[in-house]
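Residue numbers (the working numbering): 31 to 155.
All residues carry an ideal CB built from backbone N, CA and C; glycine is no exception.
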Amino acid sequence: MEAIGVPWFIVVRYLGPPLFLLVVGGALLVWRRPARAWMVWAALAVNLVAAALPFLWIGVQIVTGEGDLTVVGLVMTLLQPGTVIVAWLLLLLALVTQPGLGTTVPGVPGSEGAHETERVTQNVG
31 MEAIGVPWFI VVRYLGPPLF LLVVGGALLV WRRPARAWMV WAALAVNLVA AALPFLWIGV
91 QIVTGEGDLT VVGLVMTLLQ PGTVIVAWLL LLLALVTQPG LGTTVPGVPG SEGAHETERV
151 TQNVG
């Protein structure tokens, strides 16, 4: 990373927490699969991309030589927080939305017969 003018400790400081969140969140998703797991995976990935955007931007500046344009820098300054907002909105949608009727959620007890409307009588005694 020193080749593009960024010390390693800065990269670890910015990318460490999103990587940790991806690893821990991924482990939790594998262990307890929620109804909208794909939205949570997308939120974790978008959060990591948002953290990497400044470094990607520095790389693009070096490759293209377009780093001196103020408009491009302003767009990048607004793009990174906007991407973080998209990641949090995806996570919020994954938590708030309910699975559709008749769908089963793997790993959640009691969701197998969610689409059945009649009860089966059983002789308990």
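Contact set for Ala80: own chain, Cβ-Cβ below 7 Å, skip 5 residues either direction: Position 50 of the sequence shown, counting from 1, holds the residue named residue 80. Cβ neighbours of Ala80 beyond the five flanking positions: Gln110, Thr113, Val114 and Ala117.
Local conformation of Gln110 per DSSP, three classes: On the sequence shown, residue 110 is found 80 positions in, with the first residue counted as 1. It is helical.
Alpha carbon of Leu52 to alpha carbon of Leu78, nearest angstrom: Translated into positions along the sequence shown, residue 52 becomes position 22. Translated into positions along the sequence shown, residue 78 becomes position 48. Going from the Cα of Leu52 to the Cα of Leu78 covers about 8 Å.
Helix, strand or coil at Thr151 according to DSSP, with G and I counted as helix: Within the sequence shown, numbered from 1, the residue matching residue 151 stands at position 121. In the three-state reduction of the DSSP assignment, Thr151 falls in the coil class, being assigned neither a helical nor a strand state.
The region 39-51 / the region 79-94 touching (three or more Cβ pairs under 8 Å): yes
Among Asn153, Leu122 and Trp87, nearest to Val36 - alpha-carbon criterion: For the purposes of this step, residue 36 is taken as the residue at position 6 of the sequence shown. When only C-alpha atoms are compared, the closest one is Trp87.
Cα-Cα separation between Leu74 and Arg63, rounded to whole angstroms: What you label residue 74 is simply residue 44 of the sequence shown in a count that begins at 1. What you label residue 63 is simply residue 33 of the sequence shown in a count that begins at 1. Between the C-alpha atoms of Leu74 and Arg63 there is a straight-line separation of about 15 Å.
Start and end residues, alpha helix (DSSP H) containing Arg62: Translated into positions along the sequence shown, residue 62 becomes position 32. It is not in any alpha helix (DSSP H) - Arg62 carries neither H nor E in the DSSP assignment.
Exposed unless 16 or more other CB atoms sit within 10 angstroms - verdict on Asn93: For the purposes of this step, residue 93 is taken as the residue at position 63 of the sequence shown. This sequence places Val at residue 93; Asn is not what is there. Exposed: under 16 other Cβ atoms inside 10 Å.
Where the alpha helix (DSSP H) through Val36 begins and ends: By 1-based counting over the sequence shown, the position of residue 36 is 6. Val36 -> no alpha helix (DSSP H), and no H or E assigned at all.
Start and end residues, alpha helix (DSSP H) containing Gln91: Here residue 91 is taken as the residue at index 61 of the sequence shown, counted from 1. Start and end: Ala67 to Thr94.
Other residues of its chain near Ile34: CB distance less than 8 Å, five sequence neighbours each side excluded: For this step, residue 34 is matched to residue 4 along the sequence shown. These residues qualify, in order along the chain: Phe85, Ile88, Gly89 and Ile92.
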